[in-house]
Structures are given as C-alpha cells and as structure tokens.
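In terms of my numbering, the sequence shown is residues 1 to 112. For each residue, glycine too, the CB sits at the ideal point set by N, CA and C.
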Amino acid sequence: MATCFGADKTGPYAGVPYDGNDSRYADLYHEKHPPAAQPGDVSQVPESWKRQYLLRLQDLIDQLQPDRMYHDGVIRFERYGLSLVAHLYNQSARWHGGKVEAVYTSKGMEDC
1 MATCFGADKT GPYAGVPYDG NDSRYADLYH EKHPPAAQPG DVSQVPESWK RQYLLRLQDL
61 IDQLQPDRMY HDGVIRFERY GLSLVAHLYN QSARWHGGKV EAVYTSKGME DC
C-alpha cells in the first residue's frame, strides 16, 4: 500500500487515515487501485493515473525548464515514461535553438 493511504501507528494521530484515503484529495495523490502484489509491480496502476503522471511531469518541465532530471528508480509506465523523457529532450532543443542541453538519468528501465 502506498504511504499516502496509510495512517500513523503511534502518537496523537495513530490510526487516523492520511489524506490519500480521502477522495476529496484524489487530485493531489491519485485514485486508489489494488495494492501491488510485489514491490515495484505497477500492473494494477490505472491508465488514468499513468496519464496524470505524464501530464504533471510535463507541466513541471515546461514551467521550470530543467537542464537535469533524475528519477530515483526506473523509468515507469512504459510509453508514458518514455514520452516524458522525449518531452524533456524536445523541449530542451526548443529552448536552446535546436541543441539538446538537458540530461535525464534514472536507475534503470522497466521492460517496455
């Protein structure tokens, strides 16, 4: 289960669900889906969440115009993750007169 859907185990808020459990905050977190069978398994993540992931990170790239982008994990969600990297490189070329100045790194890639 994702951390945002849990609750504190001790302290004054022990057992009080985090905001990720409240549907009013779904746009901040994401819609609930069945938990992964194994760590790193994204097979149950809905397509709508994958699209939202891509759109949010594309917006971040467009607004901040980064020269470096790093994910502490693999490129996620097949074509969505690859589209994100392509967006970074294409935008970088646009910002720099046709020359790609951006670098994307991660710890690997899922089987796509």
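| Asked | Found |
| --- | --- |
| Based on the DSSP output, what are the partners of R68 in its beta bridges? | V103 |
| Name the one or two DSSP bridge partners that Q14 has. | In the sequence on display, residue 14 carries Ala and not Gln. In the DSSP output, where bridge partners are listed per residue, A14 has D8. |
| Just tell me which of P39, G6, S83, S23 has its CA closest to the CA of R56. | S83 |
| Tell me whether the region 48-55 and the region 15-25 touch, counting them as touching only if at least three CB pairs, one residue from each stretch, are closer than 8 Å. | no |
| Evaluate G81 with the Cβ neighbour count: other Cβ atoms within 10 Å of its Cβ, from every protein chain shown; 16 or more gives buried, anything less gives exposed. | buried |
| Look at the alpha carbon of D72 and the alpha carbon of S106, and state the distance between them as a whole number of angstroms. | 6 Å |
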